[in-house]
Amino acid sequence: MPISSAAPQVPLAPFVPPRVLTVAGSDSGGGAGIQADLKTMLALGVHGMSVITAVTAQNSLGVQGAWELPVEAVRAQYRSVVDDIGVQAVKTGMLASAALVETVAALLAGTDAPVVVDPVGTSKHGDPLLAAEALDSVRTKLLPVATVATPNLDEVAQLTGVTVTDETGMRQAAAEILGYGPRWVVIKGGHLPGEPVDLLADGTEEHWLRAPRHGNRHTHGTGCTLAAAIACGLARGNDVPTAVRAAKTYVTGAIAAGFPLGTGIGPVRHGWQL
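Residues in the sequence shown are numbered from 137 upward in steps of one, following the numbering used here.
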């Protein structure tokens, strides 16, 4: 009987993608919040998981209503995911109230994973998504546990009182936000005239990230998408500058491919690379 020389077949271990958790509000229109985060994570090849902090009635015209979840529900979702599945990165978005900000900050402080904090204050349409009394909790509890914070210029003004009108102001804003304790900050300058520019800084290094401006009004979800994309890069083991640059490239493409929905502002296209 002939003896086979073929090597025995060893079953391959299943591939487990990096795991990224978003802690944010639900956008019923699907353009921002939890929905945007999970679409970004799918597009960038990680396993997305979610802790829902609030439910919004939202469409292309704005936010018609918002209801925060109880602290106990948020804490239970977080523990359920982290204690069993584990995470390689966490991203936060809409946290709505001081109680939720402080609860989430405490959970993050006990989690060994990089954290991207998008300090959401208002929606694309200017609707408030964070109680005014929660701002101090963001400053003193949430930002200190952030690996990267990603405020836009309106959020910078809310948190620091600094009104940014040019790139020099962006540098001042970065210093003010870093004073609250995050390791890195991305000051998003897309609302300034001219070429969209973001500033990534840690108090020692500065990286100016520039991109072409696309004449597309359908930009709903850009902030959520950028923060989620940064978290994906960090979950893959990239350093912060590498993760932020890749996220900026991804979001720029998503903005260029943004499409109309409803009668207002449509979303960016999360699957533009697919």
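In this text, a Cβ means the ideal position worked out from N, Cα and C, and glycines have one as well.
Each residue's CA atom was taken as its position, placing D163 and I170 some 7 Å apart.
Annotation for Q194: the continuous beta strand (DSSP E) segment containing it runs 183 to 195. When the beta-carbon positions are compared, T276 and D254 stay at least 7 Å from each other.
Following the DSSP letters along the chain, one finds T158 inside the beta strand (DSSP E) bounded by residues 155 to 163. Each residue's CA atom was taken as its position, placing Q294 and P264 some 12 Å apart. The three-state reading of DSSP puts Q171 in helix, counting H, G and I together. Assignment of beta-bridge partners to E342 by DSSP yields A337. Within 10 angstroms of the beta-carbon of H354 lie 16 or more other beta-carbons, which makes it buried.
When DSSP states are grouped into helix, strand and coil, K384 belongs to the helix group. With respect to E204, S233 sits close: the two C-beta atoms are nearer than 7 Å. Sequence-distant Cβ neighbours of G181 in its own chain, meaning closer than 7 Å and more than five residues away, are P153. Between the alpha carbons of P318 and P147 lies a distance of about 44 Å.
Nearest C-alpha to V223 among P250, V376, A267, V191: P250. Contact between the region 389 to 404 and the region 338 to 352 is present: 3 or more CB-CB pairs across the two stretches fall below 8 Å. V281 sits close to L244, with the two beta carbons spaced by under 7 Å.
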